[in-house]
Structures are given as C-alpha cells and as structure tokens.
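Residue numbering for the sequence shown follows this note's numbering, starting at 1 and increasing by one per position.
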Amino acid sequence: MKIAATESCKALIELLKSKHGELMFHQSGGCCDGSSPMCYPLGEFKVGGQDVLVGELAGCPFYMGKAQYNLWQHTDLTIDVVNGRGASFSLEIPEGKRFIVRSEICAI
C-alpha cells in the first residue's frame, strides 16, 4: 500500500498545521462520514492494537483499522480535497473542505 497527497491536500494540511499544530490521520471505517480520512491534532485520536500505521501523509502519520487494512492492503491511496462540508469531527470541516480517498489497485 502506498499513500500519497495531492497538491490541494498538502496545502490544506499546511493550513491546518498552522492553526492546530502537528496532525494525524485515521481512515474512517464507515462511522461518521462514510469512509473519509479523518484529521486530528496529533495524539487526540487514540490509536490502539487494532490500528495499523500505513504511512505518512505530508509528514503526518496515517492510520487505519486492522480489519479495513486487511481489505485495502493491495490498494494505493491518494488523499485529495473537495469543497463541501462532511458530517464528521475532522479538522478540515470548518474550512468548507473535506478530505477524500481516491484509490487504485496495486500491481502485484
């Protein structure tokens, strides 16, 4: 699995860092805003033994639940940004933006 950020995503992450400090991401498994990546101040979301660190997104740790990772482990993820408010607790929502996942099956 590879994880990448679009330029729009990187710009929004830098804006959020300027307001909230260091950040972390957790890939939602369907709660709150469907399957959108959720952005939190670093350490605010408590990861546990069932969470997998899948990489970094623009320098921020990116986690996903183990069950979801097992389903997506052969998928490359590109995190992008679209206009609109999602229904989540993620930090970008007040900016009128939301992070989304674009995916592609990995060549094995």
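The beta-carbon is built from N, C-alpha and C at its ideal position, and this holds for glycine as well. It should be emphasised that the depicted structure is a prediction, and the values quoted were computed from it without experimental measurement.
Alpha-carbon spacing of residue i relative to residue j, whole angstroms
i   : j   : result
L16 : H74 : 29 Å
F99 : P41 : 15 Å
N-terminal and C-terminal residue of the beta strand (DSSP E) that residue i is part of
i    : result
S103 : K97 to I105
H26  : L23 to Q27
A5   : I3 to A5
Assigned exposure category for residue i - 16 Cβ within 10 Å defines buried
i    : result
F62  : buried
V54  : buried
R85  : exposed
A58  : buried
P94  : exposed
K19  : exposed
C106 : exposed
E92  : buried
Q27  : buried
Test item: CB-CB of residue i and residue j under 8 Å
i   : j    : result
L77 : V101 : yes
V82 : L12  : no
Rounded distance between the beta-carbons of residue j and residue i, thought under 8 Å
i   : j   : result
M38 : S90 : 4 Å
S35 : S88 : Their Cβ separation, rounded to whole angstroms, is 11 Å, which puts S35 and S88 out of contact at 8 Å.
Residue interval of the alpha helix (DSSP H) (run including residue i)
i   : result
L53 : L53 -> not in any alpha helix (DSSP H); beta strand (DSSP E) instead, spanning D51 to L57.
L71 : K66 to W72
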